[in-house]
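Q: Per the numbering used here, residue 430 is the first one in the sequence shown, and the count goes up by one each step.
We treat Cβ as the ideally placed atom computed from N, Cα and C, and that holds for glycine.
Quick caveat, the model's predicted, so the values are computed rather than measured.
What follows is a structure written as structure tokens; I'll ask about it next.
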Amino acid sequence: MGSLQLNSLIKQFGKGSDGRLAVADITLEVTQGEMVGIIGKSGAGKSTLLRMINRLVEPTSGSISFDGTDVTSLKGKALKKWRSECAMIFQQFHLIDRLDVLTNVLTGTLGRRYNILNIFKIFPKEEKINALKALHKLDLSNKALQRVETLSGGEQQRVAIARALMQKPKILLADEPISSLDPKNSKIVMDDIKKINNDEGITVICNLHSLEIAKQYSRRLMGLSEGKIVFDGPPENLTQKLSQELYDLENE
Numbered sequence: 430m431g432s433l434q435l436n437s438l439i440k441q442f443g444k445g446s447d448g449r450l451a452v453a454d455i456t457l458e459v460t461q462g463e464m465v466g467i468i469g470k471s472g473a474g475k476s477t478l479l480r481m482i483n484r485l486v487e488p489t490s491g492s493i494s495f496d497g498t499d500v501t502s503l504k505g506k507a508l509k510k511w512r513s514e515c516a517m518i519f520q521q522f523h524l525i526d527r528l529d530v531l532t533n534v535l536t537g538t539l540g541r542r543y544n545i546l547n548i549f550k551i552f553p554k555e556e557k558i559n560a561l562k563a564l565h566k567l568d569l570s571n572k573a574l575q576r577v578e579t580l581s582g583g584e585q586q587r588v589a590i591a592r593a594l595m596q597k598p599k600i601l602l603a604d605e606p607i608s609s610l611d612p613k614n615s616k617i618v619m620d621d622i623k624k625i626n627n628d629e630g631i632t633v634i635c636n637l638h639s640l641e642i643a644k645q646y647s648r649r650l651m652g653l654s655e656g657k658i659v660f661d662g663p664p665e666n667l668t669q670k671l672s673q674e675l676y677d678l679e680n681e
């Protein structure tokens with residue numbers, strides 16, 4: 430595993446005077462095993478930034494590199510491999526409701542397989558064992574054969590995390606993973622993400638709207654405002670004044 434580097438990264442939606450600058454000239458480095466919380470109000474550029482790292486959104490200019498590889502130039506199978514290594518979980522869980530939990534988790538392996546077995550969702554025994562291990566880590570083994578639509582929102586997000594683990598990621602990107610959850614399930618999900626970071630050394634970059642939760646779980650905070658980084662450091666260095674500016678007194 431290596432470091433993630435963003436260099437002069439810009440994303441503009443639209444052209445000319447009608448364009449909107451979502452991410453404005455961001456340069457940063459995230460080292461192996463960090464747990465980074467990205468904070469800021471809605472529209473600050475948090476989701477766009479994560480989606481550019483995963484290449485779900487293409488940068489307007491600038492570069493992304495990981496462990497010496499230019500991520501922005503990847504295409505085809507190399508890009509597919511990157512998206513497996515840089516797993517992403519979302520506010521909406523993107524699970525297949527009619528399938529059982531185990532099969533949903535196993536779909537995390539499809540990105541690194543390139544054969545006809547993908548079409549029929551035929552999974553080797555070893556992958557099924559690994560999927561059950563991933564569910565066990567998230568205390569969901571007893572739900573393996575349930576249809577995913579029968580689970581609570583918190584349980585579905587943990588299934589999405591287990592699916593991401595099946596990608597054998599080096600980086601886990603979490604885009605507002607608890608925004609649709611109640612406080613109890615939010616804590617369970619964030620505890621699980623933190624445990625994965627601590628136990629497996631997977632780098633985690635997590636967009637969070639709640640400043641208090643971001644402070645509690647992140648060793649490093651990045652504050653975004655109008656697409657720019659206005660704070661980058663440990664939570665204890667974030668002043669009350671800057672917190673208020675970041676959120677326009679939305680929550681604080």
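Quick one: is L602 buried, meaning 16 or more other Cβ sit within 10 Å of its Cβ, or exposed?
A: Position 173 of the sequence shown, counted from the first residue, corresponds to residue 602. Burial call: buried.
Q: Contact check, K644 vs P612 under 8 Å by CB: the rounded distance?
A: Taking the first residue of the sequence shown as position 1, residue 644 is located at position 215. Taking the first residue of the sequence shown as position 1, residue 612 is located at position 183. Not quite, the Cβ-Cβ distance comes to about 16 Å (not below 8 Å), so this is no contact.
Q: Spatial neighbours of E605 within its chain, please: C-beta separation below 6 Å, excluding the five flanking residues on both sides.
A: Stepping through the sequence shown from its first residue, residue 605 is reached at position 176. Here the set comprises Q520 and N636.
Q: Where D454 and K554 are concerned, what is the direct C-alpha to C-alpha distance, given to the nearest angstrom?
A: Within the sequence shown, the letter at position 25 stands for residue 454. Within the sequence shown, the letter at position 125 stands for residue 554. Cα to Cα, D454 sits roughly 46 Å from K554.
Q: Would you decide whether T477 is buried or exposed? Buried here means 16 or more other CB atoms lie within 10 Å of its CB.
A: Indexing the sequence shown from 1 puts residue 477 at position 48. So T477 counts as buried.
Q: What is the rounded straight-line gap between the Cα of L457 and the Cα of I493?
A: Walking along the sequence shown from the start, residue 457 turns up at place 28. Walking along the sequence shown from the start, residue 493 turns up at place 64. About 10 Å.
Q: Suppose you measure from the CA of K616 to the CA of N626; what does that come to, to the nearest Å?
A: Within the sequence shown, the letter at position 187 stands for residue 616. Within the sequence shown, the letter at position 197 stands for residue 626. Spanning the two alpha carbons is a distance of roughly 15 Å.
Q: Report the partner residues of R449 according to the DSSP bridge assignment.
A: Locating residue 449 in the sequence shown gives position 20, counting from the first residue. Bridge partners of R449: F442.
Q: What do you reckon, are the CB atoms on N559 and M595 nearer than 9 Å?
A: As a position in the sequence shown, residue 559 is number 130, starting the count at 1. As a position in the sequence shown, residue 595 is number 166, starting the count at 1. Yes.
Q: Mind checking who I493 pairs with in its DSSP beta bridge?
A: Counting from one through the sequence shown, the residue named residue 493 turns up at place 64. According to DSSP, I493 bridges with L435.
Q: Straight-line CA distance for H638 to Q586?
A: Here residue 638 is taken as the residue at index 209 of the sequence shown, counted from 1. Here residue 586 is taken as the residue at index 157 of the sequence shown, counted from 1. When the Cα atoms are used, H638 and Q586 turn out to be separated by approximately 17 Å.
Q: Here's the rule I'm using: 16 or more other beta-carbon atoms within 10 Å means buried, otherwise exposed. How should A593 be labelled?
A: Start at 1 with the first residue of the sequence shown, and residue 593 comes out as number 164. Buried, because 16 or more other Cβ atoms sit within 10 Å of the Cβ of A593.
Q: Touching or not, the region 646-661 and the region 470-485, by the rule of three or more beta carbon pairs under 8 Å?
A: yes
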